[in-house]
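A.B. asks: Note that this note's numbering has the sequence shown beginning at 1, numbered continuously upward. Where is the CB? At the ideal position from N, CA and C, for every residue including glycine. Structure below; questions to follow.
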Amino acid sequence: MEDILDILEETQYIKLFETTKKYQELMNRYRCAIMEVETKLNVLNLEFSLQYDRNPFESIESRLKSPMSIIGKLKTKGISFTEETLGKAVEDNLYDVAGLRVVCAFQEDIYHLADLLIRQDDITLIRTKDYIKNPKPNGYRSLHLILEIPVFLKEGKTMMKVEVQFRTIAMDFWASVDHKLRYKKNMANEEEIVEKLRRCASVIAGLDNEMQQIRTMIEESGADK
Numbered sequence: 001m002e003d004i005l006d007i008l009e010e011t012q013y014i015k016l017f018e019t020t021k022k023y024q025e026l027m028n029r030y031r032c033a034i035m036e037v038e039t040k041l042n043v044l045n046l047e048f049s050l051q052y053d054r055n056p057f058e059s060i061e062s063r064l065k066s067p068m069s070i071i072g073k074l075k076t077k078g079i080s081f082t083e084e085t086l087g088k089a090v091e092d093n094l095y096d097v098a099g100l101r102v103v104c105a106f107q108e109d110i111y112h113l114a115d116l117l118i119r120q121d122d123i124t125l126i127r128t129k130d131y132i133k134n135p136k137p138n139g140y141r142s143l144h145l146i147l148e149i150p151v152f153l154k155e156g157k158t159m160m161k162v163e164v165q166f167r168t169i170a171m172d173f174w175a176s177v178d179h180k181l182r183y184k185k186n187m188a189n190e191e192e193i194v195e196k197l198r199r200c201a202s203v204i205a206g207l208d209n210e211m212q213q214i215r216t217m218i219e220e221s222g223a224d225k
């Protein structure tokens, strides 16, 4: 009976996000925050390309967490909320409702671009998780930044949190494959697959390092100057 009640309650809150103006406005603020950060990254990309004759990143993707994912994460964190406090619970406790993924060709560009971004005076760095220097046990690598950025609406300025993930092309490929395989159920050889993925992550990390060294050698040789 409790499971049924939990499902009914969760469904009620999901509908709030999808249909209630207050929560639609909250999601709109997160969308605006994504736009602000994406604009900053595109400006840096343009400036970088003019100065160094190359682009620091290959692509940017953005996403908003779904209502189901938001409610589920609040519950997982053990955060209690009501219809009246749901919006505040989201803003105070979830830092990754709005997210961007920036894919770079080289590790060096990840750190350079991240540094340029967080040095901007209207951005506050809340938290850094460097899974490149300290990979997760399964081999996952990425640089995660939680940023707070002002969004200017007709009611005035409001501060919103955005997660930005930086990966190389190789890291992004591995993460994409891992994500697709992670949700497969009842795998008889699961341990072997997990170990193979971990080894692949190490190989990819080695490839990234080799590619970085090749680019450094080319630059130091004075090619195209």
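Alpha carbon to alpha carbon, how far is GLY206 from ASP178?
C.D. replies: Near 18 Å, if we compare the C-alpha coordinates of ASP178 and GLY206.
A.B. asks: Go to ILE204, then tell me how far its alpha helix (DSSP H) extends in each direction, as first and last residue.
C.D. replies: Residues 190-220.
A.B. asks: Can you give the beta carbon distance from GLN51 to GLN212, rounded, assuming they're within the 8 Å contact cut?
C.D. replies: With a Cβ gap of about 19 Å, GLN51 and GLN212 do not count as contacting.
A.B. asks: What's the gap between the Cα of GLY99 and the Cα of GLN165?
C.D. replies: Using only the alpha carbons, I get a separation of about 8 Å.
A.B. asks: When DSSP builds the beta bridges, which residues end up paired with LYS161?
C.D. replies: Answer is GLU148.
A.B. asks: Where does LYS154 fall in DSSP's three states?
C.D. replies: DSSP places LYS154 in coil when its eight states are reduced to three.
A.B. asks: Which residue wins for smallest C-alpha separation from THR128, given the options ILE79, THR20 and ASP96?
C.D. replies: Comparing Cα-Cα distances from THR128 to each of ILE79, THR20 and ASP96, the minimum goes to ASP96.
A.B. asks: If I measure Cβ to Cβ from LYS87 and keep anything under 8 Å in the same chain, skipping five residues before and after, which residues do I get?
C.D. replies: One detail in the question is off: residue 87 reads as Gly in this sequence, not Lys. Cβ within range, chain order: LYS22, TYR23 and LEU26.
A.B. asks: When you compare only the Cα positions, how much space is there between ILE4 and ALA201?
C.D. replies: Any reading at ILE4 is ruled out, since the residue's pLDDT is 46, under 50, leaving its predicted position unreliable.
A.B. asks: Going by alpha carbons, who is nearest to LYS65 out of ASP208, SER49 and PHE17?
C.D. replies: That would be PHE17, whose Cα lies nearest to the Cα of LYS65.
A.B. asks: Hey, how far is the Cα of ASP192 from the Cα of LYS136?
C.D. replies: Residue 192 is actually Glu in this sequence, not Asp. Taking the straight line from one Cα to the other gives about 18 Å.
A.B. asks: According to DSSP, simplified to helix, strand and coil, what is SER142?
C.D. replies: Reduced to three states, the DSSP call for SER142 is coil.
A.B. asks: Could you pull out every residue in the same chain whose Cβ sits closer than 8 Å to the Cβ of ILE14, ignoring the five residues on either side in sequence?
C.D. replies: Contacts found: PRO67, MET68 and ILE71.
A.B. asks: Would HIS144 pass as a contact of PRO56 if the rule is Cβ separation under 8 Å?
C.D. replies: Contact flag unset, no.
A.B. asks: Counting along the chain, where does the alpha helix (DSSP H) carrying LEU94 start and finish?
C.D. replies: It is not in any alpha helix (DSSP H) - LEU94 carries neither H nor E in the DSSP assignment.
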